[in-house]
Amino acid sequence: MLSGAELNEIEKELRAYSDRKMGCIGALKIVQRHRGWITDEALRDLAGYLEMTPDELDSVATFYPLVFRRQVGRHVILVCDSVSCYNVGYEELLWHLMKRLAIGLGQTTADGRFTLLPAACLGVCESAPAIMIDADVHGGLEPPEKVDQILNSYE
Amino acid sequence: MIKYLLGNIDNPNAAEIEEYEKAGGYRALTKALSMEPEDVIGEVRKSGLRGRGGAGFPTGMKWMFAANDPKFPKYVICNADEGEPGTFKDRHILEKNPHVLIEGMAIAVHALKAERGYIYLRGEYPEAEKSLQKAINDAYRKGYLGFPLHIHRGAGAYICGEETALIESLEGKRGQPRLKPPFPVNAGFFGGPTVINNVETLANLPFIMASGADSYLKIGSPECPGNKLFPVSGHVERPGVFELPMGTTLREIIYEHAGGIKNGRALKAVIPGGISAPVLPPDKIDCPMDFVSVQKYGSMLGSGAVMVFAEGTCLVKVAWRALKFFEHESCGKCTPCREGTGWLRSILERIENGQGREGDIELMEDVAGNIAGNTFCPLGDGAASVALNFIRHFRSEFEDHIGTDCRKMAVL
């Protein structure tokens, strides 16, 4: 069941569109904001609400990297792996994050705090190497130890 | 030099509507609204403005095609799905000078007698979304917008920057490109005539309308007038975005504006227009940066994103990372791109890991040759040409790398 708060936000989102389906990416992101990720149950409920079939909505959900169809941690770290970041310290930064969190790309820490994912380009190449945690961009992470204090502010 | 795209960004309040108005903002819209839509299109055609998203297609001509289509309603969509690796120019407009884009959209909507506008914004730009949404609200409050303008947020797929994939995504589907023709100007969003323009393209319109096409034609190079934003990243002293006239040389951008190569190292290679643009060796940096000249030098202006590589960079690894990107972002719709990008990545990966085989370079040329020209959209062509041009300009480095782990090689 979608919650009242979710339904309110989704309705607001749909107001801008002539067709309910147009709001599906936005609606997926709303549900994800409330629950962390899109469960099979949430997908079915949302599909019904948007007058789509679950398969149709899942074809959209699985296409977009920022829609999570598997459980993620409380905070998602996107590590920019574009050539611009690679050029100035991406490998050291990724290695440091993996060591510090004891996980690889695509994995979640045992305490469920962080998930580490690659991102194609965060569009902040002037402050490479960069990561994005939830909706916050952090750049200039060279040397990689700079990330330690940043991580502390995400419980 | 006149700066009209990001000229005001030293002002910390530049994104506020009052500051924008104080600097002359929204007067171009008032002027455009007093003109017949056909005359606005005429002025844009006369200005010679070319699309800043990468292809450099004449904006006025695109508009004319859509205007001449008898079908209504028509739509204007701003492509703010800036995802080309190395590119961060539109983000600066969206975050720091959003009203120049909104004013440009309003001019376009008037010229095309469009019913509504959408801004397709990439999901990785939450800061830009805040700044843009506030600017849209303020523009409504002040009565500048007489049509619905909505931000549609993407969710991390590079391919949605391709205009037909963008339309699919906007309609609530997987972002996979459509077969063209028909082009969006005739059959775009829900089948209606649709003009899709890049953020920077639309941001050129207020200057063109306020100062006139004749003034605009005096800036930049004759075939590509106006200013261009050049985002520079990589091994330079001062990475950042620079607003310069079209036709500024790559040398001037790297050595004057971006402060030269980091730590005084030598330049090894440069990508002049985002990751999809073929790499250039250092002897080509006198290339004027406009759509026509860069092509003559064997690459493309693309987004104008300059990616700089200093001596000591392993270009096999750079090529591998580039192909990894194309493989990941290939939408999977057509076979040459879906399979070919994976094969190119895999061959480059084994060369990079010191497991390259005799004949791998020729194999890559063969695979790339089977992608180029055979794909639905330019993503596949881009991937093929990136691979081919790394080999073309740096063949001996690839040959030396076969069977060798570069970490043990003398170049490093």
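Those protein sequences? They're chains A and B, same order as listed. The numbering of the first sequence is the working numbering, which starts it at 1 and goes up by one. The numbering of the second sequence is the working numbering, which starts it at 1001 and goes up by one. Glycine included, C-beta positions come from ideal geometry on N, C-alpha and C.
(1) Taking CB distances under 8 Å as the criterion, tell me whether residue 133 of chain A reaches chain B.
(2) Rounded to the nearest angstrom, how far is the Cβ of residue 1204 of chain B from that of residue 1049 of chain B, given a contact under 8 Å?
(3) Out of B/1269, B/1224, B/1266, B/1319, point me to the one whose CA is closest to residue 1248 of chain B's CA.
(4) With respect to the beta strand (DSSP E) encompassing residue 1330 of chain B, which residues constitute its N-terminal and C-terminal limits?
(5) Whole angstroms is fine: what's the gap from residue 1302 of chain B's alpha carbon to residue 1091 of chain B's?
(6) What runs of the alpha helix (DSSP H), each 4 residues or longer, lie entirely inside the stretch 1341-1402 of chain B?
(7) Closer than 7 Å by C-beta to residue 158 of chain A: which residues in its own chain qualify, once you throw out the five before and the five after it? Chain order, please.
(8) If I measure Cβ to Cβ from residue 19 of chain A and keep anything under 8 Å in the same chain, skipping five residues before and after, which residues do I get?
(9) Starting from residue 1227 of chain B, follow the beta strand (DSSP E) in both directions and report where the run begins and ends.
(10) Find the residues of chain B that neighbour residue 29 of chain A, judging by a C-beta separation of less than 8 Å, and give them in chain order.
(11) Could you check if residue 1028 of chain B is buried or exposed, using at least 16 other CB atoms within 10 Å of its CB as the buried criterion?
(12) State the DSSP-derived secondary structure class of residue 26 of chain A, mapped to helix, strand or coil.
(13) Give me whichever residues DSSP pairs with residue 119 of chain A in a beta bridge.
(14) Ignore the nearest five residues each way along the sequence and tell me which others in residue 1251 of chain B's own chain have a CB closer than 6 Å to its CB.
(15) Would you mind sorting residue 140 of chain A into buried or exposed? The rule is 16 or more other CB atoms within 10 Å of its CB.
(16) Can you tell me whether residue 1050 of chain B is helix, strand or coil according to DSSP?
(17) Taking only the alpha-carbon atoms, compute the straight-line gap between residue 1082 of chain B and residue 1377 of chain B and give it to the nearest angstrom.
(18) When you compare each of B/1182, B/1389, B/1275, B/1002 to residue 1364 of chain B by their alpha carbons, which one comes out closest?
(19) Which residues of chain A have a Cβ atom closer than 7 Å to the Cβ of residue 1083 of chain B, listed in chain order?
(20) Anything in the stretch 1030-1054 of chain B with a Cβ closer than 8 Å to a Cβ of chain A? List those residues in chain order, please.
(21) Listed from N- to C-terminal order along the chain, which residues in the stretch 1164-1178 of chain B have their beta-carbon within a distance smaller than 9 Å of any beta-carbon of chain A?
(22) Can you tell me where the alpha helix (DSSP H) with residue 1245 of chain B in it begins and where it stops?
(23) Using a Cβ cut-off of 8 Å, which residues of the stretch 64-91 of chain A contact any Cβ in chain B, in chain order?
(24) Please report the residue range of the alpha helix (DSSP H) in which residue 148 of chain A lies.
(25) Strictly by DSSP, which residues pair up with residue 1249 of chain B?
(26) Should residue 1325 of chain B be labelled buried (16 or more other beta-carbon atoms within 10 Å of its own) or exposed?
(27) Cβ of residue 80 of chain A within 8 Å of Cβ of residue 135 of chain A?
(28) Let's test the definition: count the other Cβ atoms within 10 Å of the Cβ of residue 1096 of chain B and tell me whether it reaches 16, buried, or not, exposed.
(29) Counting only Cβ-Cβ distances shorter than 7 Å, please list the residues of the stretch 48-60 of chain A near chain B, keeping chain order.
(30) With a cut-off of 8 Å, does the C-beta of residue 9 of chain A fall near any C-beta of chain B?
(31) List the whole-angstrom C-beta distance separating residue 1094 of chain B from residue 1132 of chain B, where the pair is believed to meet the contact cut-off of C-beta under 8 Å.
(32) Tell me the rounded alpha-carbon separation between residue 138 of chain A and residue 153 of chain A.
Looking at the coordinates:
(1) no
(2) That belief holds up - the Cβ atoms of residue 1204 of chain B and residue 1049 of chain B are roughly 6 Å apart, short of 8 Å.
(3) B/1224
(4) Here residue 1330 of chain B belongs to no beta strand (DSSP E), and DSSP marks it neither H nor E.
(5) 16 Å
(6) 1360-1371, 1378-1401
(7) One cannot answer for residue 158 of chain A here, as it falls past the ends of chain A, which runs 1 to 155.
(8) none
(9) Residues 1227-1234.
(10) The answer, in chain order, is 1123, 1153, 1155.
(11) buried
(12) helix
(13) Residue 119 of chain A is bridged to A/80.
(14) 1285, 1286
(15) exposed
(16) strand
(17) 17 Å
(18) B/1389
(19) 120, 121
(20) none
(21) 1169, 1170, 1171, 1172, 1173, 1174, 1175, 1176
(22) Residue 1245 of chain B -> not in any alpha helix (DSSP H); beta strand (DSSP E) instead, spanning 1240-1245.
(23) 64, 65, 66, 67, 78, 81, 82, 83, 84, 86, 87, 88
(24) 146-152
(25) Looking at the DSSP assignment, residue 1249 of chain B forms a beta bridge with B/1288.
(26) buried
(27) no
(28) buried
(29) 59, 60
(30) no
(31) 5 Å
(32) Taking the straight line from one Cα to the other gives about 12 Å.
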